[in-house]
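Enquirer:
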Amino acid sequence: MSARIALAAGAALLAAAAPATYFPSSLGLPFSEAVQAGDTLYLAGQIGAPPGQREVVPGGIDAQAKQAMDNIGDVLKRRGLGYGDLVKCTVMLADMADWPAFNKVYATYFKPGAYPARSALGAAGLAYGAKVEVECIAYNPKAK
251 MSARIALAAG AALLAAAAPA TYFPSSLGLP FSEAVQAGDT LYLAGQIGAP PGQREVVPGG
311 IDAQAKQAMD NIGDVLKRRG LGYGDLVKCT VMLADMADWP AFNKVYATYF KPGAYPARSA
371 LGAAGLAYGA KVEVECIAYN PKAK
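Numbering (the numbering used here), first residue to last: 251 to 394.
1. Would DSSP call R368 helix, strand or coil?
2. Quick one: Cα of G323 to Cα of A373, how far?
3. Which of the three DSSP states is assigned to Q303 in this structure?
4. With a threshold of 16 other CB atoms inside 10 Å of the CB of D289, please say whether the residue is buried or exposed.
5. With respect to the alpha helix (DSSP H) encompassing Y359, which residues constitute its N-terminal and C-terminal limits?
6. From the DSSP output, which residues share a beta bridge with C293?
7. Is the beta carbon of R304 closer than 8 Å to that of Y378?
8. CA-CA distance, A351 and M342?
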């Protein structure tokens, strides 16, 4: 296939693609909690703060990791999805020494051996003094 035909085919696919759907943040902040683009749902990063609140839960990395993962579950549930639909997650930790503790909590949200692809990195600071932030991408073939 020539480059010109390939470019035309790509442009036709983009033109036929449905526009993105934006789901606003419940905190009224300038980002969406999720964006649906085609069969892919992009979730904003979640910290260990209860929905609608700007303070992280007490109890350190374990409690914050659980709350962040529960928040992701809430966003997925509102879209008719679950943890099994996640295909990629990025974990940001304020202290990389918390990585083993985070992994212990994270693993409980998935069937053994069915984990999303994942990256983890240390961050110099996270919103509201959080110890962890998790953002994910989900496959959503049910999107309309």
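Virtual Cβ for every residue (Gly too), placed ideally from N, Cα, C.
Expert: In short, the structure shows the following:
1. If DSSP states are grouped into helix, strand and coil, R368 belongs with the strands.
2. The C-alpha of A373 is placed about 23 Å away from the C-alpha of G323.
3. In the structure shown, the three-state DSSP call for Q303 is coil.
4. Exposed, because fewer than 16 other Cβ atoms sit within 10 Å of the Cβ of D289.
5. Per DSSP, Y359 belongs to no alpha helix (DSSP H) and is neither H nor E.
6. The sequence given here places Leu at residue 293; Cys does not occur at that position. Within the DSSP secondary-structure output, L293 pairs in a beta bridge with A284.
7. Result yes, Cβ atoms of Y378 and R304 sit closer than 8 Å.
8. About 13 Å.
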